[in-house]
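One structure below.
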Amino acid sequence: MTKLDKSVLREFESIVGSNHALQEPDLTAGYTTDWTGRFAGESPMVLRPADASQLAELVKVAASAGISIVPQGGNTGLVGGSVPLDQEILISTLRLDQCEPVDVLAQQVTVGAGATLTKTQTHASRQGLDVGVDLAARDSCTIGGMIATNAGGINVVRYGAMREQVLGIEAVLSDGSIISHLEGLEKDNTGYNFPGLLAGSEGTLGIITKARLRLHPQLTERCSAMIAFNSADDAVAATAQLRRSLPSLHAVEVIFKEAMHLVSQHIGASIPIGADAHAWLVVEVAASTDPTEELAKAIDGLGSLPLDVAVGTDTAARANLWRYREKITEAISTRGTPHKLDVTLGASRLAEFVNEVPALISQIDEGATAVMFGHLGDGNVHVNILGAMGSEPNDKVDDAVLHYVAHLGGSISAEHGIGTAKKEFLHLNRSESELAAFRAIKSALDPNGILNPNVLLPTESL
Ligand code: FAD
Ligand code: MLT
Ligand code: ZN
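Okay, structure coming up:
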């Protein structure tokens, strides 16, 4: 444990109070290991400020003492960006969880960065409104973390990712100053756009303390379907057709074979349809009037592409289909520590990628397997690599898959971000000029490099 000057630690403690300045390893443990268990570190102090002004005071003290900071929300991130890897202090935003009254006229709400997605969804739903982004970590992930990672989730096909939901932001910069622009004007061309800049910045440019979010009418009439296919090519072709023919399309998710077998074992339920299939789509339509007919017609229009179809109209039947998709991440973790690769491909290269990856991986590491699933409507495939018998796979596997993605013109990070896990691969998608511009932005806003120094930018560029 770093010997930070005791007087600095006392200063931190006096700002948040001793109950919210944690030092004992059993109290800090939940903050210092990431969700996957792959990334872990130590922190001399975990600080839990009550509001933006306490948080700003902490940053001022850290800045003048030259101490680095890792901001953390729900610690559900999957790229190792939310944990202290080099003895940084950790600032948790979990107490900044206030939801202000919903602005029904504007269909917007201002919430604290530490509010969980579920809390924000529940709050908005009382006014018949909904948050545009939804994901399985909803009970723990926070609005601040979702903005910092530009989270995607299951409804990007309809509403876009987190960046598209943020109209205004309040944040603490690296010198402890606070920027706040929360008016939520739909049109506001008064210079640089801080929400856009902070979305996806992974805690490297500022610590988000509040956000003004765009909300959407809550669509209560819903219908879900699971559709089984013989091949990835058929699932991709069907996805394109559903996107063209279904105005109420809310989600198009995919589960490939390994993932379906794994999740069905994990939840102790048989594969609902197409036991020998290679790919399953989980499709959801949502509208203000019953969209079941529209979905049925669109599935008919797929002709002979599907092997089999199951439809869920009531809440229980829909939840039964969705659990095969939402429980995959948990199922994978029961088999060891995965290397989580999260990629996007253009529609024309998707099936080729999915078909080639298993052979590519086993050439390098015989015992490694790829568990693939994701958000097919956005071209986003989650490639989870598991090593033999619970061990971690060889790093060369990550290297080969990510080079292959780049070769096919895809992105090495669709929605999880770069974190520490992918930073040495960033050059595959970003040119030297782009990385130089990244470094210039970082050093303008964080000249001493104290904000989340181990993520996003490749080591050699710092
Ligand atoms: P954390 O994990 O705490 O932090 C993530 C990053 O954001 C870190 O770099 C951290 O430093 C930074 N950060 C956190 N709060 C702030 C702040 N206030 N200001 C500045 N920086 C901050 N992700 C998707 O995109 N789509 C999915 O469908 C999806 N599904 C998931 C399902 C499961 C079961 C799990 C475990 C994770 C899933 N994730 C998904 C990943 C994760 O939930 C998201 O990345 C989420 O946005 C992280 O939010 P968090 O509050 O937990 O952030
Ligand atoms: C998901 O879509 O379920 C997630 O992004 C989580 C994961 O990749 O494991
Ligand atoms: Zn995802």
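Per the working numbering: the sequence shown = residues 439 to 900. Think of the CB as a built atom: it goes at the ideal place given N, C-alpha and C, for glycine as much as any other residue.
Could you tell me if residue i is buried or exposed, where buried requires 16 or more neighbouring beta carbons within 10 angstroms of its beta carbon?
i	result
residue 858	buried
residue 762	buried
residue 722	buried
residue 607	buried
residue 444	exposed
residue 624	exposed
residue 542	exposed
residue 829	exposed
residue 735	exposed
residue 420	The first residue shown for the chain is 439 and the last is 900, placing residue 420 beyond what the model contains.
residue 558	buried
residue 576	buried
residue 457	exposed
residue 663	buried
residue 884	buried
residue 593	buried
residue 582	buried
residue 652	buried
residue 848	buried
residue 776	buried
residue 917	Because the chain is modelled from 439 through 900, residue 917 falls outside the range shown and cannot be assessed.
residue 686	buried
residue 879	exposed
residue 731	exposed
residue 803	buried
residue 714	exposed
residue 908	Outside the modelled stretch of the chain, which goes from 439 to 900, sits residue 908, for which no answer is possible.
residue 439	The predicted model places residue 439 with a pLDDT of 42, which falls under 50 and marks its position as unreliable, so this point remains unresolved.
residue 626	exposed
residue 801	exposed
Give the DSSP-derived three-state secondary structure of residue i in the structure shown.
i	result
residue 847	coil
residue 877	helix
residue 720	strand
residue 770	helix
residue 731	helix
residue 899	Summary for residue 899: the model assigns pLDDT 41, below 50, so the residue's position carries little reliability, and this model does not support an answer.
residue 581	helix
residue 854	coil
residue 903	With the chain covering only 439 through 900, there is no way to say anything about residue 903.
residue 970	No answer is possible for residue 970: the residues shown for the chain start at 439 and end at 900.
residue 457	helix
residue 557	helix
residue 833	helix
residue 521	coil
residue 468	helix
residue 672	helix
residue 648	strand
residue 655	strand
residue 871	helix
residue 686	coil
residue 617	strand
residue 489	coil
residue 635	helix
residue 889	strand
residue 567	strand
residue 679	helix
residue 862	helix
residue 629	coil
residue 536	coil
residue 884	coil
Determine which residues share a DSSP beta bridge with residue i and list them.
i	result
residue 694	717
residue 510	530
residue 541	546
residue 662	722 and 750
residue 477	The partner list for residue 477 (beta bridge, DSSP) is empty, contrary to what the question assumes.
residue 822	778 and 809
residue 667	717
residue 839	Per DSSP, none; premise fails for residue 839.
residue 484	460 and 528
Cβ of residue i less than 8 Å from any chain B Cβ?
i	result
residue 716	The structure shown has no chain B; it contains just one protein chain.
(message) Quick check on the contact list: which residues have their beta carbon closer than 7 Å to a heavy atom of the ligand ZN?
(response) 573, 590, 591, 780, 812, 813, 818, 820 and 853
(message) What ranges does the alpha helix (DSSP H) occupy inside the segment 583–610, keeping only unbroken runs of at least 4 residues that lie completely in it?
(response) 594–597
(message) Going residue by residue through the segment 754–808, where are the continuous beta strand (DSSP E) segments of at least 3 residues, counting only ones entirely within it?
(response) 777–782
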